[in-house]
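For the sequence shown, counting from 1, position 117 maps to 135 in the numbering used here; every step adds exactly one. Beta carbons are placed, not taken as given, at the ideal position from N, Cα and C, and that holds for glycine. Here the structure is a predicted model, which means the values were calculated and not measured.
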Amino acid sequence: MRIAHLSDLHFGRHVVSDRLDALRTDLVNAHPELVVITGDITDRGTRRQFHDALQFLQSLRIPFISVPGNREVSFDAFWEWAFPRLALLRYQSYFGPRDRIIHVSETHKVVFFGVNSVHPLPSWPGTLGRKKRDWLGQRASDFKGYFKVLFLHHPVLPVPGSSSNWAHTFSDAGKVLKICSETGISLILQGHKHRSSVMDLRIPDTNARIVVSCSGAPLRPEWDAVYHLIRISRASVLVEPREFVEERFTPKPACLISLDGTSPQP
Ligand SMILES: [Fe+2]
Numbered sequence: 019m020r021i022a023h024l025s026d027l028h029f030g031r032h033v034v035s036d037r038l039d040a041l042r043t044d045l046v047n048a049h050p051e052l053v054v055i056t057g058d059i060t061d062r063g064t065r066r067q068f069h070d071a072l073q074f075l076q077s078l079r080i081p082f083i084s085v086p087g088n089r090e091v092s093f094d095a096f097w098e099w100a101f102p103r104l105a106l107l108r109y110q111s112y113f114g115p116r117d118r119i120i121h122v123s124e125t126h127k128v129v130f131f132g133v134n135s136v137h138p139l140p141s142w143p144g145t146l147g148r149k150k151r152d153w154l155g156q157r158a159s160d161f162k163g164y165f166k167v168l169f170l171h172h173p174v175l176p177v178p179g180s181s182s183n184w185a186h187t188f189s190d191a192g193k194v195l196k197i198c199s200e201t202g203i204s205l206i207l208q209g210h211k212h213r214s215s216v217m218d219l220r221i222p223d224t225n226a227r228i229v230v231s232c233s234g235a236p237l238r239p240e241w242d243a244v245y246h247l248i249r250i251s252r253a254s255v256l257v258e259p260r261e262f263v264e265e266r267f268t269p270k271p272a273c274l275i276s277l278d279g280t281s282p283q284p
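As structure tokens, then:
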């Protein structure tokens, strides 16, 4: 199965049409079967930004799934951060369920679990909490024989080259990693740091092998203007970063990781 991992688009005043057109062209040409977005779709969570982002994604004519980022807590809707039960209402009105998402490809036997890691207060550290962790553990255990993918906004692992800002942390990352290793989740898609990286994690206790894809911020020139194309198979994960350089997205060196301990063939 071939997917695109997008994150931190930050639709708003910084998004220029040239870069947006280049991203649209690159995605349409690559034509992945699914686009997975790990939050911060908008910059400030305004209706205009949600509308523009949704219009862009629908224009691709590629199925997409998403989880919210901290930037989806609407800055101009005080009730969203003043009353936690009302958090992310605007996000939901444009992008649907916010907390627990399951997407299944029966063709490829791949299941995607999306969880909301956003605290209702803007720019507060991320967390899942016990209920969402329990849900993830239970549902991931249910899907036996499937390739399992977790996608969320906050980083389960620190990203090489990025800062360790307090607001960028994820309070129960260790517990989430334990769930992944025990339930056979083999790929984690994360965002938030605006740095592109791929990590290969081995956990000998459970014999787990987990690939972590950290997308950059493809529409923001001041960060890593990179998104990832990812090919998933039973035996390996191939990550192909695409970087905006001189008016178009171009390939960076790909990363092929074997999941069964054998040497991957390019
Ligand atoms: Fe972001």
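Looking at the secondary structure, which residues open and close the alpha helix (DSSP H) in which residue i lies?
i      : result
His246 : Run containing His246: none in the alpha helix (DSSP H); it sits in the beta strand (DSSP E), Val244 to Ile250.
Ile120 : Careful: Ile120 lies outside any alpha helix (DSSP H), inside the beta strand (DSSP E) at Arg118 to Ser123.
Arg62  : It is not in any alpha helix (DSSP H) - Arg62 carries neither H nor E in the DSSP assignment.
Ser182 : Premise fails: Ser182 is in no alpha helix (DSSP H) and is neither H nor E.
Leu195 : Ala191 to Thr201
Phe96  : Phe96 to Ala100
Phe113 : Leu107 to Phe113
With respect to 7 Å, is the separation between the Cβ of residue i and the closest non-hydrogen atom of ligand 1 below this value?
i      : result
Ala235 : yes
Asp26  : yes
Arg79  : no
Gly202 : no
Asp242 : no
Arg89  : yes
His186 : no
His69  : no
His212 : yes
Asp223 : no
Asp160 : no
Asp152 : no
Asp36  : no
Asp94  : no
Asp278 : no
Asp58  : yes
Could you pull out every residue in the same chain whose Cβ sits closer than 6 Å to the Cβ of residue i, ignoring the five residues on either side in sequence?
i      : result
Leu104 : Trp97 and Glu98
Arg252 : none
Pro138 : Trp99, Pro102 and Ala105
Ser180 : Lys211 and Arg213
Compare the beta carbon distance of residue i and residue j with 8 Å and say whether it is the shorter of the two.
i      : j      : result
Ile120 : Arg157 : yes
Thr145 : Asp190 : yes
Gly192 : Ser214 : no
Phe130 : Val54  : yes
Leu27  : Pro178 : no
Tyr112 : Phe68  : yes
Leu78  : Leu45  : yes
Which residue wins for smallest C-alpha separation from residue i, given the options the options?
i      : options                           : result
Ile206 : Ser231, Val177 and Asp218         : Ser231
Thr56  : Leu139, Lys211, Ala100 and Pro239 : Lys211
Cys198 : Phe267, Ser35 and Lys166          : Lys166
Gly209 : Ala272, Gly163, Phe262 and Asn134 : Asn134
Ala359 : His23, Arg213 and Pro138          : Residue 359 is absent from the structure shown; the chain starts at 19 and stops at 284.
Ala243 : Ser159, Lys270 and Val255         : Lys270
Ile203 : Asn183, Ser180, Trp241 and Ser159 : Ser159
Asp278 : Glu264, Ala226, Phe188 and Thr60  : Ala226
Ser25  : Ala71, Pro138, Asp36 and Val255   : Ala71
Cys273 : Arg266, Arg116, Glu264 and Pro259 : Pro259
Arg116 : Arg148, Val122 and Val136         : Val136
Tell me the residue span of the beta strand (DSSP E) that contains residue i.
i      : result
Glu51  : Element bounds for Glu51: n/a, residue is neither H nor E.
Ala22  : Arg20 to Leu24
Thr268 : Arg266 to Pro269
Val230 : Ala226 to Cys232
Glu261 : Ser254 to Val263
Within a Cβ cutoff of 7 Å, which residues of the same chain sit near residue i, ignoring the five residues on either side of it in sequence?
i      : result
Leu195 : Val174
Val85  : Thr56, Gly57, Ile119, Gly132, Val133, Asn134, Phe169, Leu170 and His171
Asp218 : Val229 and Ile275
Phe161 : Val129
Tyr164 : Lys127, Val128 and Val129
Glu51  : Met19, Arg20 and Ile21
Beta-carbon within less than 8 Å of residue i's beta-carbon, same chain only, minus the 5 sequence neighbours each way: which residues are those?
i      : result
Ser141 : Asn88 and Ala185
Gly63  : Arg89, Glu90, Val91, Ser92, Phe93, Asp94, Ala95, Glu98, Arg108 and Tyr109
Ser182 : Pro176
Compute every distance between the C-beta of residue i and the non-hydrogen atoms of ligand 3, then say whether any falls below 7 Å.
i      : result
Asp190 : Among the ligands modelled here, namely ligand 1, ligand 3 does not occur.
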